[in-house]
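Following: one structure in structure tokens, then a few remarks.
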Amino acid sequence: MNLRLTRQHKNFAFAAILLLPSIILLALTIISPLIKSVLMSFTDYSLLSSEQNWNNFANYTELLQSSEFYHSLRVTLVYVLITVTIDLLLGMALAVVLNRDIRFRTFYRSIIMIPWAIPTIVTALIFLWIYQSDYGVLNYSLVHLGLIDDNINWLQSTRFALPSIIVVAIFRQTPLVAVMLLAGLQGISASLYEAARIDGASGWKLFTQITLPMLKPVISSVSLIMIVNNFQMFTLFFTLTNGGPAGSTSSLAILTYITAFSRYEMGKASAIGVIWLVLLFVFSIIFTRIMNRDDR
1 MNLRLTRQHK NFAFAAILLL PSIILLALTI ISPLIKSVLM SFTDYSLLSS EQNWNNFANY
61 TELLQSSEFY HSLRVTLVYV LITVTIDLLL GMALAVVLNR DIRFRTFYRS IIMIPWAIPT
121 IVTALIFLWI YQSDYGVLNY SLVHLGLIDD NINWLQSTRF ALPSIIVVAI FRQTPLVAVM
181 LLAGLQGISA SLYEAARIDG ASGWKLFTQI TLPMLKPVIS SVSLIMIVNN FQMFTLFFTL
241 TNGGPAGSTS SLAILTYITA FSRYEMGKAS AIGVIWLVLL FVFSIIFTRI MNRDDR
């Protein structure tokens, strides 16, 4: 017994030593800044002043009474809902196609990840050129095809700015969704489909009765990952529109940046981040419980 306990203690100590650098790095880069941001959200800290006074819930009260905050929250929710929904639909379609025995399947599987491999900032700069109102390739193509009469200023129009950002996000993220769903599809046994076909099941029934139920855990994980990633999307909004025009693309990420580095209200910006974190945390718990309800 003493020998076994000694071995357990040694194993535990060895594991702790291996994990210690990661724990320290995690504490310095995530936990410590998070705690500091939470504490800062209860102060009136500003970059224009050396003083930092505790103001309790004043920042939160002001934000929850601000129409600007609710507008940014609405923009973020619309962006996330549309982007993630289309990502999942297109990703599923691509995954199903690439899971079939088609010609050059390996080649297609290789190149599909190119949009995701390109850095977000580079993708945004490429689409800045595509969307350019005077010499952009999008306006040039649409005019020559006779689909529009005059050039459209895609990123400076309150009507088209947010949809334009959504298109860029879908272009970049759909390949990742497709690959993750494809990995899930490959884990489904072919014998299930063969047995269903023998029973006379059609292609749609195979998809709805076998594919979707078997992919539910993967779909749940992918959906949650994409929702969280898009909820905190900053690069595309900042590079393409910087929240404009007229605040029509001012997401929570943009509002936080403007509050912190344009208005220098670090306390209020931290409060936005805390509300943001709480919303994501609550949503993740509810979403996970809903998706796992049928698995119990």
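The opening position of the sequence shown corresponds to residue 1 in full-length UniProt numbering, with each subsequent residue numbered one higher.
Idealized CB from N, CA, C, for every residue including glycine.
Remark: C-beta atoms of G267 and Q52 approach each other more closely than 9 Å. Remark: C-beta atoms of T83 and S251 do not approach each other more closely than 9 Å.
Under the three-state reduction of DSSP, T158 is assigned to coil, being neither helix nor strand. Pairwise C-beta distances place the stretch 241 to 251 in contact with the stretch 152 to 164, as three or more of them are shorter than 8 Å.
Taking every protein chain shown into account, the CB of L181 has 16 or more other CB atoms within 10 angstroms, so this residue is buried. The beta carbon of L215 is closer than 6 Å to those of G184 in its chain, skipping five residues each way along the sequence. Secondary structure of T239 (DSSP, three-state): helix. In this structure, S164 keeps its C-beta atom at 9 Å or more from the C-beta atom of N151. In this chain, the alpha helix (DSSP H) harbouring Y108 covers 105 to 111. Apart from the 5 residues on each side of it in sequence, A196 sits with its Cβ closer than 8 Å to the Cβ of K205, L206, Q209, I210 in its chain, given in chain order. For the 9 Å CB-CB criterion, V228 and L147 do not form a contact. DSSP places F69 inside the alpha helix (DSSP H), whose first and last residues are 67 to 98. Membership of L34 in the alpha helix (DSSP H) is indicated by the continuous run 32 to 40.
In the three-state reduction of the DSSP assignment, T43 falls in the strand class.
Exposed is the label assigned to P119, since fewer than 16 other Cβ atoms lie within 10 Å of its Cβ. Sixteen is the threshold: since fewer than 16 other Cβ atoms of the shown chains lie within 10 Å of the Cβ of W54, the residue is exposed. With contacts defined as CB atoms closer than 9 Å, I112 and P175 qualify as a contacting pair.
Residue environment: Q173 is assigned as buried (16 or more neighbouring CB atoms within 10 Å of its CB, all protein chains considered). Residue range 266 to 292 is occupied by the alpha helix (DSSP H) that includes I286.
Scanning I35, R7, V143, K10 for the CA closest to the CA of G273 turns up I35. Selection V38, Y264, L26 evaluated against S50 yields Y264 as nearest (Cα-Cα).
Contact check for A269 and T256: beta-carbon distance about 5 Å, within the 8 Å limit, so the pair qualifies. The beta-carbon distance between M233 and A260, rounded to whole angstroms, is 17 Å. This is too long to meet the 8 Å contact definition. The C-alpha of F69 is placed about 9 Å away from the C-alpha of E62. Distance from the CA atom of Y79 to the CA atom of L73, rounded to whole angstroms, is 10 Å.
At the C-beta level, V177 and F127 stay beyond 9 Å of one another. Pairing R105 with L94 gives a Cβ-Cβ distance that is not under 9 Å. When the Cα atoms are used, L125 and L192 turn out to be separated by approximately 46 Å.
Taking a 10 Å sphere around the C-beta of L236, we find 16 or more other C-beta atoms and assign the residue as buried. Residue burial is scored here from C-beta neighbours: A271 has at least 16 other C-beta atoms within 10 angstroms and is therefore classed as buried.
Secondary structure in the stretch 124 to 212: no beta strand (DSSP E) run of 3 residues or longer lies completely within the stretch. Going by DSSP, I254 is part of the alpha helix (DSSP H) stretching over 252 to 261.
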